[in-house]
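There are 2 protein chains.
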Amino acid sequence: IVEVKDAKKEYLLGKTKVHALNGVNLDIHEKDFMCIIGPSGSGKTTLLNLIGCLDSPTTGEVRLFDKYNVSVLNDGDATRLRRDNIGFIFQTFNLIPVLNVFENIEFPLIIQNVAEKERKKRVDVLIDDVGLQEFVKHKPDELSGGQRQRIAVARALITNPKLILADEPTANLDKENGHNIMEIMKRLNAEHGVTFIFSTHDQRVMEEAKRIVVLSDGVVESDK
Amino acid sequence: IVEVKDAKKEYLLGKTKVHALNGVNLDIHEKDFMCIIGPSGSGKTTLLNLIGCLDSPTTGEVRLFDKYNVSVLNDGDATRLRRDNIGFIFQTFNLIPVLNVFENIEFPLIIQNVAEKERKKRVDVLIDDVGLQEFVKHKPDELSGGQRQRIAVARALITNPKLILADEPTANLDKENGHNIMEIMKRLNAEHGVTFIFSTHDQRVMEEAKRIVVLSDGVVESDK
Ligand SMILES: Nc1ncnc2c1ncn2[C@@H]1O[C@H](COP(=O)(O)OP(=O)(O)OP(=O)(O)O)[C@@H](O)[C@H]1O
Ligand SMILES: Nc1ncnc2c1ncn2[C@@H]1O[C@H](COP(=O)(O)OP(=O)(O)OP(=O)(O)O)[C@@H](O)[C@H]1O
Ligand SMILES: [Mg+2]
Ligand SMILES: [Mg+2]
Numbered sequence: 016i017v018e019v020k021d022a023k024k025e026y027l028l029g030k031t032k033v034h035a036l037n038g039v040n041l042d043i044h045e046k047d048f049m050c051i052i053g054p055s056g057s058g059k060t061t062l063l064n065l066i067g068c069l070d071s072p073t074t075g076e077v078r079l080f081d082k083y084n085v086s087v088l089n090d091g092d093a094t095r096l097r098r099d100n101i102g103f104i105f106q107t108f109n110l111i112p113v114l115n116v117f118e119n120i121e122f123p124l125i126i127q128n129v130a131e132k133e134r135k136k137r138v139d140v141l142i143d144d145v146g147l148q149e150f151v152k153h154k155p156d157e158l159s160g161g162q163r164q165r166i167a168v169a170r171a172l173i174t175n176p177k178l179i180l181a182d183e184p185t186a187n188l189d190k191e192n193g194h195n196i197m198e199i200m201k202r203l204n205a206e207h208g209v210t211f212i213f214s215t216h217d218q219r220v221m222e223e224a225k226r227i228v229v230l231s232d233g234v235v236e237s238d239k
Numbered sequence: 016i017v018e019v020k021d022a023k024k025e026y027l028l029g030k031t032k033v034h035a036l037n038g039v040n041l042d043i044h045e046k047d048f049m050c051i052i053g054p055s056g057s058g059k060t061t062l063l064n065l066i067g068c069l070d071s072p073t074t075g076e077v078r079l080f081d082k083y084n085v086s087v088l089n090d091g092d093a094t095r096l097r098r099d100n101i102g103f104i105f106q107t108f109n110l111i112p113v114l115n116v117f118e119n120i121e122f123p124l125i126i127q128n129v130a131e132k133e134r135k136k137r138v139d140v141l142i143d144d145v146g147l148q149e150f151v152k153h154k155p156d157e158l159s160g161g162q163r164q165r166i167a168v169a170r171a172l173i174t175n176p177k178l179i180l181a182d183e184p185t186a187n188l189d190k191e192n193g194h195n196i197m198e199i200m201k202r203l204n205a206e207h208g209v210t211f212i213f214s215t216h217d218q219r220v221m222e223e224a225k226r227i228v229v230l231s232d233g234v235v236e237s238d239k
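Top line first, the protein sequences correspond to chains C and A. If you count by the numbering used here, then the first sequence holds residues 16 to 239, one letter each, in order. If you count by the numbering used here, then the second sequence holds residues 16 to 239, one letter each, in order.
Shown next, in the form of structure tokens:
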């Protein structure tokens with residue numbers, strides 16, 4: 016479902032070149048439930064951004080769903096591909112500050128022109144799933160860190176995507192909420208065949224993954 | 016060093032009242048190395064903001080250093096007290112986007128009118144301590160999540176405060192960097208008598224704490 020071929024990502028900072036990714040080769044199969052681990056700065060977020068069509072590699076290739084080459088997609092095609100097939104949980108949440116909990120989760124369905132009654136039904140189910148029933152009217156800055164993270168999780172799941180990229184989805188969550196989120200994801204993977212790629216430092220997420228890829232200094236160090 | 020007496024924090028959201036803290040009683044002693052744990056939304060950040068003079072309680076009292084009552088301090092006094100005595104590591108980092116790594120860590124020393132040579136010496140030591148030597152010229156948005164968190168840690172330690180409040184300081188860090196940060200803090204506590212109050216979901220931080228306070232629904236549930 017995803018093929019990464021010798022992907023490199025370089026940034027130019029003044030005169031210094033920063034190699035965020037230094038030749039990553041990785042094949043991800045449908046229904047994988049895998050995580051990418053590695054030290055802070057090893058390139059996990061950069062790699063997820065390439066797979067999620069949010070960025071393109073400096074050199075190398077990223078192919079999605081056996082037909083799209085991310086490096087040569089134009090902006091319009093990348094946005095459509097992402098909107099209709101991928102759910103992304105950002106490490107920095109990226110919520111819309113002026114919308115409340117309900118509206119933030121509902122937003123991807125408005126972009127997909129889903130009817131209002133159907134939207135309300137689906138948003139209510141997810142708000143219940145992530146335990147934010149009492150906070151639906153709160154705006155992001157009127158919530159705790161972990162509550163904001165759970166909005167980011169719900170918003171990525173609401174469109175029923177084939178592929179979900181979760182960048183440190185439990186970093187701000189306590190044990191119970193973290194376990195709860197993992198259970199929702201395991202159920203989507205087992206019952207609906209959704210492919211999951213996590214980036215994490217959290218032992219609890221690693222224990223649930225069926226495959227662990229270790230990234231170090233921008234390259235894959237191991238893959239089991 | 017800190018006394019919290021029946022502190023309550025209420026927010027009004029439309030017509031609903033949200034009780035973020037619902038009567039917290041807590042005494043913190045000099046040289047404590049303690050953590051506050053509890054579910055997402057239980058009031059940890061709210062409590063740390065009261066102790067850190069960033070906010071005042073709706074009712075109840077917070078007393079610092081046996082003489083200051085946070086609830087009645089004016090803004091100027093609160094800022095001075097905080098600047099000269101407290102280091103705060105924010106859950107959302109709160110870095111200055113237009114300054115690079117070096118300048119973000121140096122900033123509190125500029126406010127304290129420390130001479131340039133002395134500033135450079137102290138910032139270099141901390142950049143080394145948190146492992147950001149190769150990234151000094153990067154701006155926050157040119158860094159990874161865990162790298163940004165480490166700037167937030169270094170910036171809180173640079174003024175050698177008596178009291179350090181760390182809100183989830185290891186949430187975005189891998190095992191090695193997380194362990195490294197805890198070692199720096201333990202050394203400051205053991206050798207320089209600095210008082211530490213952490214808020215965390217991370218087992219690794221809890222294991223190092225000498226005292227664990229459990230918060231639930233805005234009140235202290237246990238304290239050992
Ligand atoms: N400005 C606000 N307006 C309304 N409610 C708020 C506001 N800020 C916080 N809250 C509520 O107060 C409660 C406590 O929030 P707080 O950030 O202290 O929790 P926390 O224990 O730090 O959680 P986390 O572990 O998720 O960071 C939450 O339920 C939150 O929704
Ligand atoms: N815009 C940029 N300009 C320069 N360097 C960058 C930029 N964005 C990221 N980097 C660098 O690329 C490297 C990889 O960053 P990335 O965010 O992918 O790491 P990560 O594995 O997600 O780390 P963490 O676990 O801390 O979130 C880091 O060393 C970072 O400093
Ligand atoms: Mg990252
Ligand atoms: Mg918090």
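We put the beta carbon where it would ideally sit given N, CA and C, even for glycine. Given the structure is predicted, the values throughout are model-derived calculations rather than measurements.
What is the rounded straight-line gap between the Cα of residue i and the Cα of residue j?
i: A:Asp42; j: C:Met200; result: 41 angstroms
i: A:Glu236; j: C:Gly193; result: 21 angstroms
i: C:Thr31; j: C:Pro72; result: 18 angstroms
i: C:Phe103; j: C:His34; result: 24 angstroms
i: C:Leu36; j: C:Ile52; result: 14 angstroms
i: C:Val17; j: A:Asp70; result: 48 angstroms
i: A:Val209; j: C:Gly67; result: 44 angstroms
i: A:Glu198; j: A:Gly233; result: 30 angstroms
i: A:Ala224; j: C:Leu28; result: 39 angstroms
i: A:Pro112; j: A:His207; result: 32 angstroms
i: A:Lys132; j: C:Arg202; result: 58 angstroms
i: A:Val77; j: A:Asp189; result: 35 angstroms
i: A:Leu79; j: A:Val85; result: 7 angstroms
With a Cβ-Cβ cutoff of 8 angstroms, do residue i and residue j count as a contact?
i: C:Gly160; j: A:Glu183; result: yes
i: C:Gly75; j: C:Lys20; result: yes
i: C:Ile166; j: C:Val116; result: yes
i: C:Asn187; j: C:Gln164; result: yes
i: A:Ala169; j: A:Ile142; result: yes
i: C:Val39; j: C:Leu62; result: yes
i: C:Ala22; j: C:Leu65; result: yes
i: A:Pro155; j: A:Leu110; result: yes
i: A:Leu114; j: A:Thr174; result: no
i: C:Ile126; j: C:Arg95; result: no
i: C:Gln162; j: C:Leu172; result: no
i: A:Val138; j: A:Glu149; result: no
Got a sec: does ligand 1 put a non-hydrogen atom nearer than 7 angstroms to the Cβ of residue i?
i: A:Asp21; result: no
i: A:Ser214; result: yes
i: C:Asp90; result: no
i: A:Asp70; result: no
Under a three-way DSSP split, which group does residue i fall into?
i: C:Gly56; result: coil
i: A:Ser231; result: strand
i: A:Ser86; result: helix
i: A:Lys20; result: strand
i: C:Lys132; result: helix
i: A:Phe213; result: strand
i: A:Val168; result: helix
i: A:Ala224; result: coil
i: C:Ala93; result: helix
i: A:Thr74; result: strand
i: A:Lys201; result: helix
i: C:Ile179; result: strand
i: A:Val33; result: strand
i: C:Leu6; result: Past the edges of chain C, shown from 16 to 239, lies residue 6 of chain C, and the structure says nothing about it.
i: A:Ile125; result: helix
i: A:Val113; result: coil
i: A:Gly193; result: helix
i: A:Lys38; result: Reading the sequence as shown, one finds Gly at residue 38 of chain A and not Lys. Here A:Gly38 sits in strand by DSSP.
Does ligand 4 have even one heavy atom less than 7 angstroms from the beta-carbon of residue i?
i: A:Asp217; result: no
With a threshold of 7 angstroms, establish whether the CB of residue i neighbours any heavy atom of ligand 3.
i: C:Asp232; result: no
i: C:Asp182; result: yes
Under 6 angstroms, CB to any heavy atom of ligand 2. Which residues pass, going along the chain?
C:Tyr26, C:Leu28, C:Val33, C:Ala35, C:Gly53, C:Ser55, C:Gly56, C:Ser57, C:Gly58, C:Lys59, C:Thr60, C:Thr61, C:Gln106, A:Phe150, A:His153, A:Glu157, A:Leu158, A:Ser159, A:Gly160, A:Gly161, A:Gln162, A:Asn187
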